[in-house]
Amino acid sequence: MEVYMKPNILFRFVVTLVLPMALALLPKEAKAQKFGYVDSEYILGQMPEFKEAQKSLDQLAEAWRQEISDMRKGVEGMYDALKAEEVLLSKEMLAERQKNILAKEDSVANYQRKVFGFEGLYYLKKIELIKPVEDKVFEAVRRVSEKQKIQFMFDKSADLVMIYTNPAHDYTDYVLEELGLGDENDTVN
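Each residue of the sequence shown is one higher than the one before, starting from 273 at the first, in this note's numbering.
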C-alpha cells in the first residue's frame, strides 16, 4: 500500500503547488487569446475610393463586354452572308469562307479569354484599382488589432463560416474610425 501512496502524494504536490505556480508564471497572452471580427465588405462599401474604383472597373468591363458582343455579331453576320451565298459558291470558296469564320470565332474566344480569363485584363485592372483600397483597410485592421490587443481578427464577409457572432467582438466600427469614416454620432472607445 505504501507504493501507491507515493505517486498519490506526488500528484497532489504537483496539482496544489507546482501547477498553480507554473500557470502564474505564464505570460498574460498565453492565458487568454483575444478574438475579434470585422466586416470588410461593409467597410469597403463605406469608402468613397472603393466605390470610385468599382465604378471604373464596372465601366471598363461593360465596354469590353460590348466589344466582344460586337465581335460576335460580326461573326453572325459572316455566317448569315455565307448562308445567303452558299449556293453560289464553289466548294473551295465555301471551305475558305468557313475557315475564315472559324478563325474569326477563335479570335473572339481568345480575346474574351485575354480580357476575362484567368489573370486577364479585367483581373489585372481589378488588382490595380481595388488592391490599394483593400490594403488600406487591412492596414487599418492591423492598427486596430494592435491598439485593442487582439491576437486573432476574422473577416465576417470572407469564406470563413461564422455561425454566431457576438456584436461585442465586432470591430468594424473601430476600423471605420481608423480610416476616418466613422459616424460622428457613434462613440467608439
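Glycine residues also receive a C-beta, built at the ideal position from the N, C-alpha and C atoms.
Taking the beta strand (DSSP E) that Val310 falls in, what are its first and last residues?
307 to 310
When the distance is taken between beta carbons, is Lys306 closer than 9 Å to Phe424?
yes
Buried or exposed, going by whether 16 or more other CB atoms sit within 10 Å of the CB of Glu334?
exposed
Note down, in chain order, each residue of its chain lying with its Cβ closer than 7 Å to the Cβ of Val347, except the 5 sequence neighbours on either side.
Ile373, Lys376, Glu377, Val380
Do you know offhand how far Gln318's Cα is from Tyr309's?
17 Å
I need the DSSP call for Met343, collapsed to helix, strand or coil.
helix
Lys403 vs Leu393 beta-carbon contact at 9 Å:
no
If the criterion is Cβ atoms closer than 9 Å, does the pair Tyr446 and Lys408 meet it?
no
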